[in-house]
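Residue numbers (our numbering), protein chains in the order written: chain A, 7 to 669; chain B, 287 to 453.
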């Protein structure tokens, strides 16, 4: 006989301000099976939970309904509460009367109360049909996978490895380092970016617990928290890194030059190359699509063949060139995954009015970063890409691909104001004659020493910050005319510039959405991965065991990204330090007496969790492997004989909910 | 429990009180990972939408048995909404595809039974799409409201039961 207790949380005024909780309680008291209903100011507080435990004892409750916030928020809390009072923790259901009622129906209080009562009615109908469940246990693979070797991934990998767990660090490019490696200096301290980053990169390369896989990509992920199986494609490097000494002969002699990705297209690199001198691993790869020998092979049969080249092969003292190398695909077992795939700069060609791509001297901030950098394509000389002259008037255009609905980027990229301030300072230090103008919408300088830094740009370095949008950039007499407005004085402004720098915003790196789908985590409209909770679980995805670090989940600066790398690592270490994991008992179950043995369930199961067994009477019946079952319920709906059911979401429970709200 | 709450004037099919503002009765099956979270997001963002919908949480839209939908209509629901993860985003890889196929068949079957297509709706709402959830519910509510209450069930033996016709 069910003895249900209903607890209606006020959540201060969050619920009680809209829903008539007393009316809900009195309605609950008249529901079948309910022996007790009470209101509670904050059910999740220690006092509130104690009241629930007391009521369980006092009224000999054997089922509990908590009507409060979303079960996605506090289901684990109240499961623990009832467990502490001696009830099986799965004999508790929640009615979501905050997110689904009071917060959305504040404009119609009576209707909100009616909906809250129905929500409780459904939860009561469901909880009566709940049964005692016991979680199982599985072992954990004590190894972590980090996807993306920028500063976030580097930090996460190092912290996990230093705690004693093995790490596989997968990076798509030929080197780790990510975007931070491309920067000259960092704001607001003007630390040399490479000087603080490269020691970390070397540490990763030498760490005995870290296995580094560059030019590699994650193709498939299966399994679940504690036991993932990951398929990794290692793209052919065509250089045997176990033999190569990194002497550099090959990339000095390679005759084929292509634009360098690392220098944002401003410089050239050879076809067998390391992206930059401090690359880790410091061994080259062959860019096969552009390789002359590849073109020679592709032209086989053609009358006029291009030259074979093969210069790198001839010159390599170690004999490390492997033209015939092919991609290899390997599977790895890991217990936890950190996603740190970072960002890319917004493509400014979406703004034809600024002339990026059309005028050579309209460049992106990342390109300016390469020009400022001593190891950049010009050796740290800031020169115009068109004629190699030193620009004296430089205009910055802010929010290119930020805070603009027109290009589908309504969010603020958070770092642009600060890096513009940095670049105005660096420009002046490179050449005291430079006058910088910055067109901005608002100066966003929230952070330690940030505001002071912007003031330095304005006061010490004389950069002119003009509040207003730029309408157009056009060429006239060898100058770039930037036409905008100064909204503070309310009139149009024109500046004749030598160089225009577009402050491009942050967007998720290409393919981040595809990776999110591979991982089975959700992402928002822009492709940033969604956190399990934006405030309280910022480092977790909504799939257990998959953690987030850095700009993969939104724009961030370097310190925040590093903090997230360490934070995600702490989460991983906490997970991998356990010896076994408790599994969710809300999985499928077969009634062998009803099972006809058709095994349609096996066909639909996405997790290969269903096998078959031979019963003693000679029939075949489906059998659920409870440690692989994830509780989706596909098999239940597919089962023709009604032999399959899902614990915690049985047909009877869901039908009872339907019945409870329809008449 | 046939007790009506004073606030939401409800009607059984065929008993429309002319003075009361008629509100449809909607049942929403939301998958736990995307749409239920999306509905949470609508709440967290303090959006508003009509209170006519009652939400049932399921692990996945692939868990929604056509029987649940049929049961809701049989018991007098004016509309049923099923919402889940966008194609390709299913937490269980492919559950929403099963729902999508079932939806097409079930919609036709319901129409055959005299339940207008507009009363049964499938939508993709992700965990971050609180706004979309609010919009979907608002639109679906007015769509069903425009149809009015369901036709009263036919009285007496149907033609099928009488064995005279196969309609």
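C-beta: ideal position from N, C-alpha, C; glycine also.
Return no unless some Cβ of chain B is closer than 7 Å to the Cβ of residue 121 of chain A. At least one chain B Cβ lies under 7 Å of residue 121 of chain A.
Own chain, CB closer than 7 Å to residue 431 of chain A, minus 5 neighbours either side, in chain order: For residue 431 of chain A, where only same-chain residues beyond five positions count, the Cβ hits under 7 Å are 462, 463, 467.
Along chain B, in chain order, which residues have C-beta atoms closer than 9 Å to that of residue 640 of chain A? Residues of chain B whose Cβ lies closer than 9 Å to the Cβ of residue 640 of chain A are, in chain order, 346, 348, 349, 378, 380, 381, 384.
Buried versus exposed, by CB contacts within 10 Å (16 or more), residue 15 of chain A: By the 10 Å Cβ count, residue 15 of chain A comes out buried.
Closer than 9 Å between beta carbons: that is the criterion. Which residues of the region 104-120 of chain A meet it against chain B? For the region 104-120 of chain A, which is checked against every Cβ of chain B, the residues closer than 9 Å are 104, 105, 106, 107, 108, 109, 110, 111, 112, 113, 114, 115, 116, 117, 118, 119, 120.
For residue 290 of chain B, which three-state DSSP category applies? With a pLDDT of 44 at residue 290 of chain B, under the threshold of 50, the predicted position of this residue should be treated as unreliable, and no value is reported.
Should residue 561 of chain A be flagged as near chain B, meaning a C-beta pair shorter than 7 Å? False, the Cβ-Cβ gap to chain B never drops below 7 Å.
Within chain A, the residues that residue 325 of chain B reaches when beta carbons sit closer than 9 Å: Chain A residues near residue 325 of chain B: 76, 102, 105, 106, 110.
Skipping 5 residues on each side, what residues in its chain have a beta carbon closer than 7 Å to that of residue 357 of chain A? Its chain contains 406 as the residues whose beta carbon lies nearer than 7 Å to that of residue 357 of chain A, once the 5 sequence neighbours on both sides are disregarded; these appear in chain order.
Is there a Cβ of chain B sitting closer than 7 Å to that of residue 523 of chain A, yes or no? Interface residue, yes.
Going residue by residue through the region 303-339 of chain B, where are the continuous alpha helix (DSSP H) segments of at least 4 residues, counting only ones entirely within it? 321-330, all fully within the region 303-339 of chain B.
Would you list the one or two residues that DSSP bridges to residue 69 of chain A? According to DSSP, residue 69 of chain A bridges with A/10.
Which same chain residues, not among the five before or five after residue 417 of chain A, have their C-beta less than 6 Å away from its C-beta? Once the five neighbours on either side are set aside, residue 417 of chain A has no close Cβ partner at all.
Measuring only the C-alpha atoms, how far is residue 307 of chain A from residue 301 of chain A? For the pair residue 307 of chain A and residue 301 of chain A, the Cα-to-Cα distance works out to about 12 Å.
Anything in chain B within Cβ reach of residue 536 of chain A, meaning under 9 Å, just list it in chain order. Simply 323, 412, 413, 414.
Who are the near neighbours of residue 287 of chain B in its chain, counting only those whose CB is closer than 6 Å to its CB and skipping five residues on each side? Residue confidence for residue 287 of chain B is low, a pLDDT of 42 falling below 50, so the modelled location carries little weight; the figure read from the coordinates is stated next. Cβ contact annotation for residue 287 of chain B (same chain, cutoff 6 Å, sequence separation greater than five): none.
With a threshold of 8 Å, are at least 3 pairs of Cβ atoms found where one atom belongs to the region 162-171 of chain A and the other to the region 193-202 of chain A? Touching, no, given that fewer than three Cβ pairs across the two stretches are closer than 8 Å.
State the Cα-Cα distance for the pair residue 526 of chain A and residue 95 of chain A, rounded to the nearest angstrom. Going by the C-alpha atoms only, they are around 28 Å apart.
Label residue 86 of chain A either buried or exposed according to how many other C-beta atoms from any shown protein chain fall within 10 Å of its C-beta, with 16 as the threshold for buried. So residue 86 of chain A ends up on the exposed side.
Reference residue 347 of chain B; option with closest CA among B/364, B/317, B/425: Closest by C-alpha distance to residue 347 of chain B, out of B/364, B/317, B/425, is B/317.
Any beta carbon from chain B within less than 7 Å of residue 8 of chain A's own beta carbon? Not closer than 7 Å to any Cβ of chain B, the Cβ of residue 8 of chain A fails to qualify, so no.
Contacts that residue 358 of chain B makes with chain A (C-beta to C-beta distance below 7 Å): Those within 7 Å of residue 358 of chain B in chain A are 664, 668.
What is the DSSP secondary structure of residue 345 of chain A, counted as helix, strand or coil? DSSP places residue 345 of chain A in strand when its eight states are reduced to three.
Out of B/352, B/363, B/345, state which residue places its alpha-carbon closest to the alpha-carbon of residue 377 of chain B. If we check each option's Cα against that of residue 377 of chain B, B/345 comes out closest.
For a contact defined as C-beta to C-beta under 7 Å, what are the partners of residue 341 of chain B on chain C? No chain C appears in this structure, whose protein chains are A and B.
Determine the chain B residues that contact residue 550 of chain A at a beta-carbon separation under 7 Å, and present them in chain order. Within 7 Å Cβ-Cβ: nothing; residue 550 of chain A doesn't reach chain B, min ~11 Å.
Own chain residues within Cβ distance below 6 Å of residue 540 of chain A, not counting five before or after: Closer than 6 Å at Cβ, skipping near neighbours: no residue.
Under 7 Å Cβ-Cβ, which residues of chain A neighbour residue 375 of chain B? The answer, in chain order, is 523, 528.
What residues in its chain sit with their C-beta under 6 Å from that of residue 32 of chain A, if we drop five residues either side in the sequence? Short of 6 Å from the beta carbon of residue 32 of chain A, and not among the five residues preceding or following it, lies no beta carbon of its own chain.
Say whether the region 486-500 of chain A touches the region 509-516 of chain A, bearing in mind that this needs 3 or more beta-carbon pairs closer than 8 Å, one atom from each stretch. Segments in contact, no.
So residue 177 of chain A packs on residue 129 of chain A, CB below 8 Å; how close in whole Å? Distance from residue 177 of chain A to residue 129 of chain A at the Cβ level is roughly 48 Å; contact not present, criterion being Cβ atoms closer than 8 Å.
Could one say the Cβ of residue 421 of chain B lies closer than 7 Å to chain A's Cβ atoms, at least one of them? It does not: the Cβ of residue 421 of chain B has no partner Cβ on chain A nearer than 7 Å.
Interface flag, residue 655 of chain A vs chain B, CB-CB below 7 Å: Chain B has a Cβ within less than 7 Å of the Cβ of residue 655 of chain A.
List, in order along the chain, the chain B residues whose C-beta lies closer than 7 Å to that of residue 670 of chain A? Residue 670 of chain A cannot be examined here, being either before or after the span of chain A that is shown, 7 to 669.
Please list, in chain order, the chain B residues whose beta carbon lies closer than 8 Å to that of residue 652 of chain A. By Cβ distance, chain B contributes 345, 349.
Whose C-beta lies closer than 7 Å to the C-beta of residue 355 of chain B among residues of the same chain, with five residues either side of it excluded? Around residue 355 of chain B: 366, 392, 406.
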